[in-house]
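In this note's numbering, the protein residues as written are 15 to 317. What follows is a short report on a single structure.
Next up, the structure:
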């Protein structure tokens with residue numbers, strides 16, 4: 015009975031002494047992690063107080079996210095080490111072993127090191143920010159998260175792509191600073207190109223006066239001119255400059271309005287067709303062209 019009482023006494027003293035300390039360490043760690051989250055939000059708000067630019071906001075969000083994750087990892091490591099120390103585990107041998115294991119892992123985890131280093135330079139050079147639309151390694155989509163190891167994209171279909179930063183060679187950012195939408199407008203060969211250009215400008219001017227789109231369009235449309243003679247159409251190329259990520263919205267509405275105005279002005283948007291040339295001989299004559307006409311109502315055919 016005395017042994018049992020002694021056991022209960024030792025358990026109670028452990029709970030009061032070591033257990034309480036471990037509990038306090040866990041509570042303190044959770045509080046610090048919560049404070050880090052609040053601090054990152056306040057930091058973003060403080061940075062945006064001086065700037066109202068959307069691009070600046072995306073960069074601030076990205077940097078705040080990276081800082082939050084790094085500080086959370088540091089706090090977690092310190093907490094684990096402190097708890098192990100309270101449990102009587104010697105930390106020094108663990109740190110020494112961790113150093114040796116870290117060297118061994120480093121040789122086998124070169125891709126991880128490459129991811130972290132590449133991710134650091136991606137963030138340092140401001141290549142990608144949360145909210146950008148980019149194309150990486152043949153995958154395109156909206157950037158949902160960027161950290162030192164990985165970039166997360168979500169495409170138009172809702173698919174999420176996780177791309178290790180070490181595999182990123184070329185980044186195509188379609189929403190950095192400003193965006194552009196390129197129009198290749200095909201019309202029939204019979205149409206007056208100057209009239210087509212004036213119609214395009216008319217649609218652009220109307221959109222820039224529309225309150226729904228005026229803030230998204232940064233400057234008047236740029237007419238690049240008659241770009242090429244296609245098989246069934248002449249193609250006029252133009253481009254409009256918009257705020258980041260607004261180019262598709264503006265472009266789709268522009269196409270809708272242009273189609274309606276072309277219809278009003280009887281400007282033909284051609285479909286593919288073929289001109290048949292039977293040829294001429296040296297005397298200028300052409301071979302006869304036989305055409306067969308079928309009249310289904312009379313069930314007969316004529317040549």
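Ideal Cβ placement from N, Cα and C applies to all residues, glycine included. If you're wondering where the values come from, they're calculated on a predicted model, not measured in any experiment.
Collapsed DSSP secondary structure at residue i in the structure displayed
| i | result |
| --- | --- |
| residue 255 | strand |
| residue 162 | coil |
| residue 231 | strand |
| residue 249 | strand |
| residue 241 | strand |
| residue 268 | helix |
| residue 313 | Residue placement at residue 313 is poorly supported in this model, since its pLDDT is 48, which falls under 50; the coordinates still yield a value, given next. Residue 313: coil per DSSP, three-state reduction. |
| residue 303 | coil |
| residue 224 | coil |
| residue 290 | coil |
| residue 38 | helix |
Cβ distance (whole Å) where residue i is taken to contact residue j below 8 angstroms
| i | j | result |
| --- | --- | --- |
| residue 131 | residue 182 | The Cβ separation is near 11 angstroms, so there is no contact. |
| residue 164 | residue 129 | 7 angstroms |
| residue 201 | residue 150 | Actually they are not in contact, since the Cβ atoms of residue 201 and residue 150 sit about 37 angstroms apart, beyond 8 angstroms. |
| residue 260 | residue 224 | No, residue 260 and residue 224 are not in contact; Cβ-Cβ is about 13 angstroms, not under 8 angstroms. |
| residue 138 | residue 216 | Not really, about 46 angstroms apart at Cβ, beyond 8 angstroms. |
| residue 292 | residue 286 | Contact doesn't hold; Cβ gap of about 21 angstroms is too wide. |
| residue 162 | residue 46 | At roughly 21 angstroms, the Cβ-Cβ gap does not stay under 8 angstroms, so residue 162 and residue 46 are not in contact. |
| residue 318 | residue 233 | Only positions 15 to 317 of the chain appear in this structure, which leaves residue 318 out of reach. |
| residue 133 | residue 179 | 4 angstroms |
Distance, residue j Cα to residue i Cα
| i | j | result |
| --- | --- | --- |
| residue 42 | residue 36 | 10 angstroms |
| residue 262 | residue 195 | 7 angstroms |
| residue 169 | residue 175 | 8 angstroms |
| residue 185 | residue 277 | 40 angstroms |
| residue 153 | residue 257 | 23 angstroms |
| residue 126 | residue 246 | 53 angstroms |
| residue 220 | residue 269 | 13 angstroms |
| residue 211 | residue 303 | 40 angstroms |
| residue 157 | residue 177 | 11 angstroms |
Cβ shell of residue i (< 8 angstroms), same chain only, five flanking positions each side left out
| i | result |
| --- | --- |
| residue 39 | 93, 96, 97, 100 |
| residue 214 | 197, 199, 235, 237, 250, 252, 272 |
The ligand FAD heavy atom lying under 8 angstroms from the CB of residue i
| i | result |
| --- | --- |
| residue 304 | With respect to small molecules bound, the structure shown includes none, and the ligand FAD cannot be examined in it. |
Contact set for residue i: own chain, Cβ-Cβ below 6 angstroms, skip 5 residues either direction
| i | result |
| --- | --- |
| residue 159 | 166 |
| residue 242 | 249 |
9 angstroms Cβ cutoff, residue i in contact with chain B
| i | result |
| --- | --- |
| residue 96 | Of the chains in the structure shown, none is chain B; there is only one protein chain. |
Residues near residue i in its chain [Cβ-Cβ closer than 7 angstroms; skip 5 each side]
| i | result |
| --- | --- |
| residue 86 | 47, 50 |
Next item on the list: Tell me, please, whether the segment 183–193 touches the segment 142–153 by the rule of three or more beta-carbon pairs shorter than 8 angstroms.
Entry: yes
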